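Structure record follows, encoded as structure tokens.
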Amino acid sequence: MKYKIFKSLLVVAYASIFAAVIASCTKTEYRTVDNPAYIRVFNNLTYTITLDNKEEAQPFFCMFIDPEFDATGKPIGGLTVSDFLDKRNIYAAPNAAHAGLSTSRFNPEYPGKELVPTAPILNGFDLTNWAQVPAGRRRFLFMTRPISNVPFSKLPDEQQRKVFLDTIIDLSSREVYTLHVLQKDFKTKENGLYVRQETFHKQAFSDTLTYVNFYNLSAKGFQQAELDLKLPVPLTSRSLRYGLRDTMNIFITHIQPSVNAAGATVQQRIPNFSYQYAGQMLRNVDVPKVSPYYSFPIFLQEKNKVYANTWQYIQFFAPPIDPRTSGSYLEPPSVPIGLQEPAVKDGTFGYILMDHAQYAPTYYLNTFFPGLTVNVHSGKDNPRTFGVVSSIEIVNGNAFLTTVQRTYPQPIY
């Protein structure tokens, strides 16, 4: 009798274990979106609330897509609800750098930390930083809210009724969009949603080149405003903090680090790749369109055919200034100290330096940014250098870098 009872209990135990194993192996059902468009949303409002501008809205949002309202008109849900939308980071990395890695609720972009269906690989580009939403006519509602860890729905009633931006946009099926909440007029404080339909995934880019384009998304009147009205601007790029003029020419010089006879690292311009004209940048927040891409080769080291450590010195000059003939500006790779050059304050000159080795994300007056290539473990090579597609966006004294990465062979350990 005892043996039968023990045997019965053993069968039950095995059955429970088998059921648990089967349950653990059950296929996960992922959410899908029929007929999707792909969106990435940035909050470009970099100002800080002080006594001087205390009447402005807090640039911290809860975003609703196709919002739903209660009987009193308060938003309570929708197709998408993304709370804690904070100011964007200086660098938007090509990989999903935020999901699952942060203990903060504050989200520097959408989707960012949100666990939502993301875009697939399109034409070899990894678009996991873009979220899927149903294509068609969509309403975007941004509610300003206090900076705190309290969810929007738990805030006091009056703090759930502060509309910052309410607009409707059309999203085409399987198209890629970058959306920016930004200030359109510095004097009137008019704000808007800038929607750019991207084309990089449709262009015939070479695997042996890297690409970058430029945008000036600054508000009307920012550059012309009095200097004291532009400060403080946290995380401001040193030479851009006062703004650039509406039309600027772009020149890129490529720098190669090397070690001299004394063992010291020296930075030298690459012959034939100095002061390369990379096009013109026009201020434009009203008619979004993709800027032309400038391309350059990946300068692989002679002794190591898979790795590059070059970096880019990017200069902005108002026409008709030409750095190739003007003797008024320091030559790359020299870096001006402080804000001594008058041209920095009148908007006719600016610069940013793209170098992984010198990039410091917490530096208040950012001058250095990550490079315009990526170094990753791929195959048996660690690291290996790959070209990427990047956008540099100038917004009211700040520069922001967004990088999109092609797919590459997985690492072999």
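In terms of mature numbering (1 follows the signal peptide of the UniProt record, and there is no 0), the sequence shown is residues -23 to -1, 1 to 390. Here a beta-carbon is modelled for each residue, glycine too, at the ideal position from N, C-alpha and C. As the structure is a prediction and not an experimental result, all values here were calculated from the model.
Residue i and residue j closer than 8 Å at C-beta
| i | j | result |
| --- | --- | --- |
| Asn190 | Ser311 | no |
| Leu118 | Pro36 | no |
| Pro88 | Thr80 | no |
| Gln289 | Ile247 | no |
| Leu148 | Arg115 | yes |
| Pro372 | Asn84 | The displayed chain sequence assigns Val, not Pro, to residue 372. No, these two residues do not count as a Cβ contact at 8 Å. |
| Gly348 | Met331 | yes |
| Leu221 | Asn375 | no |
| Ser150 | Ala112 | yes |
| Gln253 | Gln245 | no |
| Phe293 | Met225 | yes |
| Ile16 | Leu156 | yes |
| Thr27 | Ala73 | no |
| Lys322 | Tyr390 | no |
Nearest-angstrom beta carbon gap, residue j and residue i [assumed within contact, 8 Å]
| i | j | result |
| --- | --- | --- |
| Asn100 | Lys51 | Their Cβ separation, rounded to whole angstroms, is 42 Å, which puts Asn100 and Lys51 out of contact at 8 Å. |
| Gly256 | Ile291 | Not confirmed; about 11 Å, so no contact. |
| Arg138 | Phe129 | Contact flag wrong, Cβ pair sits at about 11 Å. |
| Glu370 | Tyr192 | 5 Å |
| Val172 | Tyr154 | 6 Å |
| Thr57 | Val18 | Actually they do not touch by this definition, with Cβ atoms about 10 Å apart. |
| Gly55 | Ile42 | 6 Å |
| Arg65 | Glu86 | 6 Å |
| residue 409 | Phe377 | What the structure shows of the chain is the stretch from -23 to 390, and residue 409 is not part of that stretch, so it cannot be assessed. |
| Gln200 | Gly327 | That pair is no contact at about 11 Å. |
| Val243 | Asp358 | No, Val243 and Asp358 are not in contact; Cβ-Cβ is about 26 Å, not under 8 Å. |
Exposure label - residue i; buried when at least 16 CB within 10 Å
| i | result |
| --- | --- |
| Ala238 | exposed |
| Asp29 | exposed |
| residue 421 | Given that the chain is displayed from residue -23 to residue 390, the structure contains no residue 421 and the question cannot be resolved. |
| Lys131 | exposed |
| Ala334 | exposed |
| Leu204 | exposed |
| residue 416 | Look at the range of the chain in this structure, -23 to 390, and you will see that residue 416 is not part of it. |
| Thr49 | exposed |
| Arg260 | buried |
| Tyr24 | buried |
| Ala69 | buried |
| Phe46 | exposed |
| Thr165 | exposed |
| residue 410 | Absent from the structure is residue 410, since the part of the chain shown begins at -23 and ends at 390. |
Beta-carbon proximity list for residue i, same chain, < 8 Å, skipping 5 on both sides
| i | result |
| --- | --- |
| Ser355 | Arg361, Phe363, Tyr385, Pro386, Gln387, Pro388 |
| Lys161 | Glu167, Asn168, Gly169, Ala196, Lys197, Val262, Asp263 |
| Thr185 | Pro274, Ile275, Gly364 |
| Ile145 | Arg114, Arg115, Arg116, Phe117 |
| Asp223 | Asn193, Gln200, Leu259, Arg260 |
| Val236 | Thr242, Val243 |
| Pro265 | Tyr171, Val172, Arg173, Gln174 |
Residues near residue i by beta carbon distance below 6 Å, same chain, minus five either side
| i | result |
| --- | --- |
| Glu152 | Ala14, Gln174 |
| Asp143 | Leu118 |
| Thr380 | Pro71, Val365, Ser367 |
| Phe250 | His231 |
| Gly103 | The sequence shown places Asp at residue 103, not Gly. Excluding positions up to five away in sequence, the list reads Gln382, Thr384. |
| Val93 | Ala108 |
| Leu206 | none |
| Asn352 | Pro360, Thr362 |
| Leu277 | Ala285 |
Contact set for residue i: own chain, Cβ-Cβ below 7 Å, skip 5 residues either direction
| i | result |
| --- | --- |
| Asp60 | Cys39, Pro128, Phe129 |
| Thr350 | Thr187, Ile275, Ala285, Thr362, Phe363, Gly364, Val365 |
| Asn12 | Pro111, Ala112, Ser150 |
| Ser183 | none |
| Tyr306 | Pro300, Phe326 |
| Gln136 | Arg122, Pro123 |
| Ala202 | Phe163 |
| Leu(-15) | Only weak support exists for where Leu(-15) lies, its pLDDT of 45 falling under 50; the coordinates are left without a value. |
| Phe345 | Leu330, Asp332, Gln335, Tyr336, Ala337 |
| Thr9 | Pro94 |
| Pro97 | Leu104 |
| Pro296 | Thr224, Asn226 |
**OP:** Just list the beta strand (DSSP E) runs in the region 50 to 133, keeping only unbroken ones of 3 residues or longer that don't cross its boundaries, in chain order.
**Re:** 52 to 62, 108 to 111, 113 to 121
**OP:** Any chance you could list the alpha helix (DSSP H) runs of at least 4 consecutive residues sitting entirely within the region 263 to 307, in chain order?
**Re:** none
**OP:** Quick one: which unbroken beta strand (DSSP E) runs of 3-plus residues sit fully inside the region 219 to 245? Chain order, please.
**Re:** 224 to 236
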